[in-house]
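This report refers to the structure that appears directly beneath it.
Number of protein chains: 2
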Amino acid sequence: MSLPRIAIDAMGGDVGVRVMIEGAALARRRHERFQFLLVGDEARIVAALENHPNLRAASEVLHAPDVISGEDKPSQALRRAKTTSMGMAVDAVKQGAAGAAVSAGNTGALMAISKLALRTLPGIDRPALAALLPTLGANDLVMLDLGANTECDARNLVQFAIMGAAYSRIVTGLEAPRVRLLNIGTEEIKGTDALRVAANELKAASAELAMSFENFIEADKINRGEVDVVVTDGFSGNIALKAVEGTARFVADLLRRSFASSLRSKIGFLISRPATELLKHHLDPNNHNGAVFLGLNGVVVKSHGSANALGVANAVAVAARLLEENLTQRIATDLTRVGADNLRPTGRTAAKSRAAE
Amino acid sequence: MSLPRIAIDAMGGDVGVRVMIEGAALARRRHERFQFLLVGDEARIVAALENHPNLRAASEVLHAPDVISGEDKPSQALRRAKTTSMGMAVDAVKQGAAGAAVSAGNTGALMAISKLALRTLPGIDRPALAALLPTLGANDLVMLDLGANTECDARNLVQFAIMGAAYSRIVTGLEAPRVRLLNIGTEEIKGTDALRVAANELKAASAELAMSFENFIEADKINRGEVDVVVTDGFSGNIALKAVEGTARFVADLLRRSFASSLRSKIGFLISRPATELLKHHLDPNNHNGAVFLGLNGVVVKSHGSANALGVANAVAVAARLLEENLTQRIATDLTRVGADNLRPTGRTAAKSRAAE
Chain R
9 MSLPRIAIDA MGGDVGVRVM IEGAALARRR HERFQFLLVG DEARIVAALE
59 NHPNLRAASE VLHAPDVISG EDKPSQALRR AKTTSMGMAV DAVKQGAAGA
109 AVSAGNTGAL MAISKLALRT LPGIDRPALA ALLPTLGAND LVMLDLGANT
159 ECDARNLVQF AIMGAAYSRI VTGLEAPRVR LLNIGTEEIK GTDALRVAAN
209 ELKAASAELA MSFENFIEAD KINRGEVDVV VTDGFSGNIA LKAVEGTARF
259 VADLLRRSFA SSLRSKIGFL ISRPATELLK HHLDPNNHNG AVFLGLNGVV
309 VKSHGSANAL GVANAVAVAA RLLEENLTQR IATDLTRVGA DNLRPTGRTA
359 AKSRAAE
Chain F
9 MSLPRIAIDA MGGDVGVRVM IEGAALARRR HERFQFLLVG DEARIVAALE
59 NHPNLRAASE VLHAPDVISG EDKPSQALRR AKTTSMGMAV DAVKQGAAGA
109 AVSAGNTGAL MAISKLALRT LPGIDRPALA ALLPTLGAND LVMLDLGANT
159 ECDARNLVQF AIMGAAYSRI VTGLEAPRVR LLNIGTEEIK GTDALRVAAN
209 ELKAASAELA MSFENFIEAD KINRGEVDVV VTDGFSGNIA LKAVEGTARF
259 VADLLRRSFA SSLRSKIGFL ISRPATELLK HHLDPNNHNG AVFLGLNGVV
309 VKSHGSANAL GVANAVAVAA RLLEENLTQR IATDLTRVGA DNLRPTGRTA
359 AKSRAAE
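Residue numbers (the numbering used here), protein chains in the order written: chain R, 9 to 365; chain F, 9 to 365.
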């Protein structure tokens with residue numbers, strides 16, 4: 009049996025059809041067994057394919073007359089799902105015409121469309137957006153939720169932990185990934201009620217869970233290589249992720265300025281270029297592109313709106329890997345094992361208690 | 009009239025009396041007009057002062073028999089306020105024996121003790137912890153709250169904005185600092201109810217406020233030099249601050265590794281050392297040490313628990329500057345002008361709405 013196709017929303021993102029198609033072509037070279045369904049304005053896709061006969065040979069083009077813009081609200085996007093490239097790419101997964109969808113479009117719209125079309129797995133109340141982040145250790149870490157759910161209760165956080173661990177096992181090969189809840193301290197009294205309840209639930213269920221759970225981690229420790237899965241609500245996760253991205257760029261900018269500050273430093277920079285190129289490669293967000301909505305009946309990957317062709321190719325590679333490794337089935341199995349459906353519903357992060365007072 | 013004294017909790021922090029005293033001595037050299045009240049174990053303070061005759065000449069020692077530990081809960085700390093170095097340093101501010109207190113101890117305990125002893129300014133419901141962060145621009149930015157209040161409502165956020173702007177005017181010299189609320193997107197529908205209400209309140213009051221307010225900023229943009237004050241709840245602020253600190257260290261570690269990866273890179277590193285030293289200096293948290301509790305009847309500065317003597321000296325310098333510039337009086341004046349006491353009380357951040365759905 010050939011592997012299922014990957015549907016590409018060729019219109020999404022700030023960068024346009026050519027970058028999406030070039031990215032898909034790069035991915036095709038790495039994953040020769042995969043076929044592609046390219047969804048969007050047919051004329052523009054066909055034109056872009058002229059430079060990529062290798063991709064063209066492995067692709068079908070599906071014309072979509074409309075596009076979701078960055079300004080569309082999720083509710084507006086939902087109404088136009090059937091005629092837009094994003095909606096039709098996700099629908100292809102629902103219909104079985106593709107095994108996964110990749111889009112660089114509006115995150116809120118992609119979440120809403122995916123949730124409505126694909127529905128959540130049994131035992132999952134809400135999907136979560138998960139991404140891989142670089143660490144000082146041997147493996148990348150999985151962080152979720154990164155913005156799909158502004159508000160989360162303890163039950164959501166427990167489900168995120170189970171889904172994140174399943175993803176991490178695929179990425180790291182570990183039997184029991186190290187899972188932590190993101191908090192503002194590691195003491196048990198710190199943080200919100202939802203965090204404390206989720207920590208207790210995960211500790212109580214740890215015998216059935218294929219993870220090593222140990223309460224909390226603070227945001228300055230996440231990339232030391234001491235944790236494989238960082239679980240948080242979508243508001244805090246989005247803040248943390250963007251703070252990490254912004255600071256990496258900030259430090260790189262400072263470094264550039266420092267190297268330009270004297271002739272001696274400029275010469276040193278030229279000599280040590282392999283080192284700074286290595287760092288640049290390590291920090292380039294394109295090398296970590298491809299966030300996945302976990303918890304759906306199907307694989308949906310979000311590519312960053314400003315990713316280049318290499319970034320798009322990496323997002324497609326994430327989709328290909330999750331298909332090959334049966335992520336959806338593995339999460340479903342884990343959920344059954346722990347009986348996640350029986351987890352007690354509990355207070356929202358809303359009900360934050362002031363632990364510092 | 010001589011300037012008021014600065015009370016130093018000589019026992020707080022992971023590093024002990026010697027570092028606190030050495031830091032105070034460094035600060036004394038920079039601020040010759042200031043006097044010090046050194047609070048803690050008298051024998052150890054006197055021993056540490058032997059190497060610092062310059063500080064000894066400007067100091068009085070106040071013996072405190074007890075110490076707040078890092079594990080003490082705020083409630084436990086409050087009960088022992090009268091006999092601990094932290095409690096007695098803050099009490100010195102209350103009694104007028106000092107104008108400001110500096111401690112490297114337990115943040116939650118320092119917040120609880122300071123709030124009870126000094127009370128909040130009229131129009132302020134809760135104090136907020138504010139710190140300066142480096143940017144690519146000409147000035148540092150003020151960020152608050154950094155963890156004093158896990159949960160915040162719109163009214164708290166508005167008060168934080170007013171207090172942060174007052175602090176920023178002292179730091180930047182700007183008449184109308186650029187103030188933004190930290191959010192997961194810049195569109196008006198993004199984030200929590202509390203954020204949206206606070207944004208509307210600040211827009212409505214902008215004629216009376218000495219600030220330039222423009223809605224939201226995302227965490228990856230805070231250090232670009234485009235904003236002077238970043239306002240957020242204590243949970244998100246703590247996550248953002250620690251993510252920034254952790255990532256700066258992460259990138260520095262990667263850079264060190266890259267430079268060590270080949271002989272050529274090592275040589276390049278040696279040649280470009282002035283550049284990397286410049287970067288190291290810029291990123292050293294000791295150079296940005298000293299977070300202040302804004303909104304109290306008095307100045308209380310938190311030094312990082314692991315700060316070195318230079319870091320402690322910087323925290324003391326923050327206290328000295330805020331005394332010289334009459335921060336407390338300026339915040340009180342701003343609050344009167346905007347009539348902050350009349351701001352409508354509104355939904356907690358708890359009542360987060362899922363904007364992405």
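Note that CB positions come from ideal geometry on N, CA and C, so glycine has one too.
Same chain, Cβ closer than 7 Å to residue 274 (chain R), neighbours up to 5 away in sequence not counted: So the list reads 267, 268, once near-sequence residues are dropped.
Within chain F, partners of residue 168 (chain R) - CB distance below 7 Å: Neighbours of residue 168 (chain R) across chain F, judged by C-beta separation under 7 Å, do not exist; the nearest C-beta is about 15 Å away.
Cβ-Cβ separation, residue 47 (chain F) to residue 70 (chain F) (assumed contact under 8 Å), whole Å: Sure, about 5 Å apart at Cβ, within 8 Å.
Residue span of the beta strand (DSSP E) that contains residue 96 (chain R), given as start and end: DSSP places residue 96 (chain R) outside any beta strand (DSSP E); the residue lies instead in the alpha helix (DSSP H), whose first and last residues are 93-102.
Any chain R beta carbon closer than 8 Å to residue 23 (chain F): By this cut-off, residue 23 (chain F) is not an interface position.
8 Å Cβ cut-off: residues of chain R touching residue 336 (chain F): Ordered by position in chain R, no residue passes the 8 Å Cβ test against residue 336 (chain F), which lies about 21 Å from the chain.
Chain A within 8 Å of residue 254 (chain R), Cβ atoms only: In the structure shown, chain A does not exist; the protein chains are R and F.
Through-space distance from residue 200 (chain R) to residue 361 (chain R), alpha-carbon basis: Low confidence applies to residue 361 (chain R): its pLDDT is 34, below 50, so where it sits in the model is not reliable enough to give any reading.
As assigned by DSSP and simplified to three states, the class of residue 28 (chain R): Reduced to three states, the DSSP call for residue 28 (chain R) is helix.
Chain-ordered neighbours of residue 188 (chain F) on chain R, where CB pairs are closer than 9 Å: Here the premise fails: no neighbours, minimum Cβ distance about 13 Å.
Contact check, residue 117 (chain R) vs residue 14 (chain R), beta carbons under 8 Å: Result no, Cβ atoms of residue 117 (chain R) and residue 14 (chain R) do not sit closer than 8 Å.
Beta carbon of residue 190 (chain R) nearer than 8 Å to that of residue 247 (chain F): Against a cut-off of 8 Å, the Cβ pair of residue 247 (chain F) and residue 190 (chain R) comes out as a contact.
Selected residue, minimal CA-CA separation from residue 187 (chain R), among R:146, R:163, R:195, R:236: It is R:236 whose Cα lies nearest to the Cα of residue 187 (chain R).
Short Cβ contact (8 Å threshold) for residue 45 (chain R) with residue 16 (chain R): The Cβ-Cβ distance between residue 45 (chain R) and residue 16 (chain R) falls below 8 Å.
Short Cβ contact (8 Å threshold) for residue 172 (chain R) with residue 138 (chain R): Yes. Within cutoff.
Closest Cα partner of residue 217 (chain F) within the set F:87, F:34, F:115, F:345: Looking at the Cα atoms, F:345 is the closest of the given residues.
Supposed contact pair residue 134 (chain F) and residue 143 (chain F) - C-beta distance, whole angstroms, cut 8 Å: Not a contact, Cβ separation roughly 27 Å.
Assigned exposure category for residue 104 (chain R) - 16 Cβ within 10 Å defines buried: The residue is exposed, with fewer than 16 neighbouring Cβ atoms inside 10 Å.
Environment of residue 337 (chain F) [buried if 16+ CB atoms lie within 10 Å]: Classification for residue 337 (chain F): exposed.
Complete beta strand (DSSP E) runs within the segment 201-277 of chain R (minimum length 3 residues, chain order): If we require 3 residues or more, the beta strand (DSSP E) runs fully inside the segment 201-277 of chain R come out as 220-225, 237-239.
Residue-level contact to chain F via CB, residue 231 (chain R), 8 Å cutoff: Cβ-Cβ to chain F under 8 Å: yes for residue 231 (chain R).
Helix, strand or coil at residue 299 (chain F) [DSSP, three-state]: Reduced to three states, the DSSP call for residue 299 (chain F) is strand.
Option nearest residue 19 (chain R) by Cα separation, candidates R:325, R:252, R:310, R:331: With distances taken between Cα atoms, residue 19 (chain R) lies closest to R:310.
Own chain, CB closer than 6 Å to residue 21 (chain R), minus 5 neighbours either side, in chain order: Here the set comprises 112, 313.
Beta-ladder partner(s) of residue 326 (chain F), from DSSP: Residue 326 (chain F) pairs with nothing; no bridge assigned.
Three-state secondary structure (DSSP) of residue 310 (chain F): Residue 310 (chain F): strand per DSSP, three-state reduction.
Reduced DSSP category for residue 110 (chain R) - H, G, I as helix; E, B as strand; rest coil: Residue 110 (chain R) falls in the strand class under three-state DSSP.
Residue-chain proximity (residue 20 (chain R), chain F), Cβ-Cβ < 8 Å: Judged by the 8 Å Cβ criterion, residue 20 (chain R) is not in contact with chain F.
Residue 228 (chain R) at chain F interface by Cβ criterion, 8 Å: Output row for residue 228 (chain R): interface = yes.
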